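Residue numbers (the working numbering): 18 to 132.
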């Protein structure tokens, strides 16, 4: 029986490799962040300098929606291909599947936020 943390890392690694092959999710998240920043900057440029509290709220709104946009397909792709049932019946703890998917989501968001 595989340890839970090792299984979580294996699931995250699998999802990252799949993501590197199809690239459209990360690109669409990056494009959303870019468009949101441009929309906020055009909306607030007439006010002159952007106050710090408005800028930080703008950043968190973008991160929130980018996270929703990125985390939505995490389990959806597993469900569509039928591999979610395989993960559910695998001899690993259920929390390991969840933790692996969360690690993948944070890596995906981190890659988009860095660029």
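In this text, a Cβ means the ideal position worked out from N, Cα and C, and glycines have one as well. Since the structure is predicted, the reported quantities are computational estimates derived from the model, not experimental observations.
Pairwise C-alpha distance: residue j and residue i
{"i": "residue 106", "j": "residue 100", "result": "10 Å"}
{"i": "residue 104", "j": "residue 114", "result": "7 Å"}
{"i": "residue 112", "j": "residue 46", "result": "26 Å"}
{"i": "residue 54", "j": "residue 70", "result": "15 Å"}
{"i": "residue 120", "j": "residue 26", "result": "8 Å"}
{"i": "residue 108", "j": "residue 102", "result": "12 Å"}
{"i": "residue 18", "j": "residue 61", "result": "Low per-residue confidence applies at residue 18: pLDDT is 46, beneath 50, and the placement is therefore not dependable enough to give any value."}
{"i": "residue 72", "j": "residue 20", "result": "43 Å"}
{"i": "residue 34", "j": "residue 52", "result": "27 Å"}
{"i": "residue 32", "j": "residue 80", "result": "21 Å"}
{"i": "residue 38", "j": "residue 131", "result": "19 Å"}
{"i": "residue 40", "j": "residue 77", "result": "24 Å"}
{"i": "residue 88", "j": "residue 68", "result": "30 Å"}
CB contact flag (residue i, residue j, <8 Å)
{"i": "residue 50", "j": "residue 83", "result": "yes"}
{"i": "residue 125", "j": "residue 36", "result": "yes"}
{"i": "residue 24", "j": "residue 122", "result": "no"}
{"i": "residue 75", "j": "residue 57", "result": "yes"}
Buried or exposed by the 16-neighbour rule on C-beta atoms within 10 Å, applied to residue i
{"i": "residue 129", "result": "buried"}
{"i": "residue 97", "result": "exposed"}
{"i": "residue 127", "result": "exposed"}
First through last residue of the alpha helix (DSSP H) which encompasses residue i
{"i": "residue 99", "result": "From DSSP, residue 99 is part of no alpha helix (DSSP H); its letter is neither H nor E."}
{"i": "residue 30", "result": "21-39"}
{"i": "residue 79", "result": "69-88"}
{"i": "residue 113", "result": "111-131"}
Supposed close pair residue i, residue j - CB separation, criterion 8 Å
{"i": "residue 42", "j": "residue 90", "result": "6 Å"}
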